[in-house]
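Numbering (the numbering used here), first residue to last: 129 to 510.
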């Protein structure tokens, strides 16, 4: 079973590594790894907060029991989300990375301890800055603005309703040290998150660039004959139909030529298929080098090619094809294999009033047949 996950970052689900056509087991395994990494980083952030609280406890600002209570609450929270993640339950949810529930629970925990321990509220308030930074990085603008407004409103309401003092512990050298370390640790975590985000964006950009290149290559392969570099039959026929419509609407001439490499089967039989392939490639390159930018050249099938000549009258098309015939005949084909010669025959047809592309091609095919009947290495006009 595969999943069309899409090769882009989903701001709701935070899926930075989604790949089109990825199998479901791979999707689930990748999501689990990402959740583990996120929860480990969140746990490490709590460890930093616990260490800062221990410094304040050593300074006598708060009790050791409060530090233990925060450590217990933080541990239970991370353990609960880790259990949900490992169970795979969240894979059924839209927010399979648990970003929303985890952020809401963390904010509630910080608000509770601001109320319980206002003397060290700076530690918990700084955590809000980290949460806001993560939200700004992960969420779409509207949801991010709503989340930040809720966070700000809840903090303001708590301080106003509970009449809590906003203080920075600085009575003793140890308190001042702990306060400064709180700010330093907050800045360090924010910088880490931004560096992490920058790396993810770089990876995303490289993925996008690689995918764009791959898609362009796929489009080219879908339109181009791999051996000769000429358009394939489907593409050249589509362009022919478009040119017929355009030329008919504008009242201008349009000609086509069906070109066949003379006795190509004998070339393959006598000199080998590798030489035959080189003949086809060299022929196509020679045509490309000697036609106009507006002309369209494609492989019609096997050793037969179609040349579409917009804005070209019947006589001009016949002269152009005879010039191409002479160029192909004059090439030094013996460079590929001693005794090798290559010539072409072509049938030329010009669009008649109210004629379809199929009818014009049929007349060009009859002209090509006539050229072969007359001895090959010649141009015949319908």
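For every residue, glycine included, the Cβ atom is placed at its ideal position computed from N, Cα and C. Being a predicted model, the structure only gives us computed values, none of them experimental.
Which residue's Cα is closest to the Cα of residue 221: 239, 421, 156 and 194?
Residue 156 is the option with its Cα nearest to residue 221.
*Grab the span of the beta strand (DSSP E) containing residue 433 for me, first residue to last.*
Residue 433 -> beta strand (DSSP E) spans 432-438.
| request: Quick one: grab the DSSP three-state call for residue 388. | output: Note: residue 388 maps to strand in three-state DSSP.
* Asked: Does DSSP put residue 376 in a helix, in a strand, or in coil?
  -> It is helical.
Point to revise | Helix, strand or coil at residue 426 according to DSSP, with G and I counted as helix | key: DSSP places residue 426 within a strand segment (E or B) once states are collapsed to three.
From 473, 317 and 457, residue whose alpha carbon lies closest to that of residue 507: Looking only at 473, 317 and 457, the smallest Cα-Cα distance to residue 507 is reached by 473.
Checklist entry - Who does residue 359 pair with in a DSSP beta bridge? => result BP columns for residue 359 point to 352 and 426.
Coil, strand or helix - residue 503 by DSSP: Three-state result, residue 503: coil.
### Query
residue 234 and residue 259: beta carbons closer than 8 Å?
Contact check for residue 234 against residue 259 passes: the beta carbons are separated by less than 8 Å.
Start-to-end residues for the beta strand (DSSP E) that takes in residue 476: Taken as a continuous stretch (DSSP letters only), the beta strand (DSSP E) holding residue 476 covers 472-478.
Neighbourhood of residue 437 by C-beta, 6 Å cutoff - its chain only, sequence neighbours within 5 removed
Non-local beta-carbon contacts of residue 437 in its own chain, meaning distances under 6 Å to residues more than five positions away in sequence, involve 383, 423 and 445 in chain order.
Are the beta-carbon atoms of residue 224 and residue 218 separated by less than 8 Å?
Yes, the pair counts as a contact, with Cβ atoms nearer than the cut-off.
task = Note down the Cα distance separating residue 490 from residue 483, rounded to an integer number of angstroms.
result = Roughly 11 Å separates the two Cα atoms.
Q: Can you give me the start and stop residues for the alpha helix (DSSP H) that residue 464 sits inside?
A: From DSSP, residue 464 is part of no alpha helix (DSSP H); its letter is neither H nor E.
message = Taking a contact to mean a Cβ-Cβ separation below 8 Å, would you say residue 353 touches residue 427 in this structure?
response = Less than 8 Å separates the beta-carbon of residue 353 from that of residue 427.
Next on the checklist: Once the 5 residues before and after residue 314 are set aside, which same chain residues still bring their CB inside 7 Å of it?
Outcome noted: Taken in chain order, the residues that qualify are 254, 257 and 258.
- Item | Where the alpha helix (DSSP H) through residue 418 begins and ends | Boundaries for residue 418: no alpha helix (DSSP H) harbours it, and the DSSP string shows neither H nor E there.
*So what does DSSP say about residue 383, is it helix, strand or coil?*
Three-state result, residue 383: strand.
So for residue 151, helix, strand or coil by DSSP?
Three-state DSSP puts residue 151 in a strand.
Quiz prompt | DSSP state of residue 508 mapped onto helix, strand, coil | solution = Assigned with DSSP and collapsed to three states, residue 508 falls in strand.
*Beta-carbon separation (whole angstroms), residue 206 vs residue 167, contact threshold 8 Å*: Rounded, the Cβ-Cβ distance is 6 Å, consistent with contact.
Looking at the secondary structure, which residues open and close the alpha helix (DSSP H) in which residue 269 lies? Note, residue 269: alpha helix (DSSP H), 269-289.
Alpha carbon of residue 433 to alpha carbon of residue 386, nearest angstrom: Cα-Cα distance, rounded: 6 Å.
Between residue 249 and residue 294, is the Cβ-Cβ spacing less than 8 Å?
Yes, the pair counts as a contact, with Cβ atoms nearer than the cut-off.
**Request:** Sort 371, 243 and 505 by Cα distance to residue 485 and report the nearest one.
**Result:** Ranking the options by Cα distance to residue 485, first place goes to 371.
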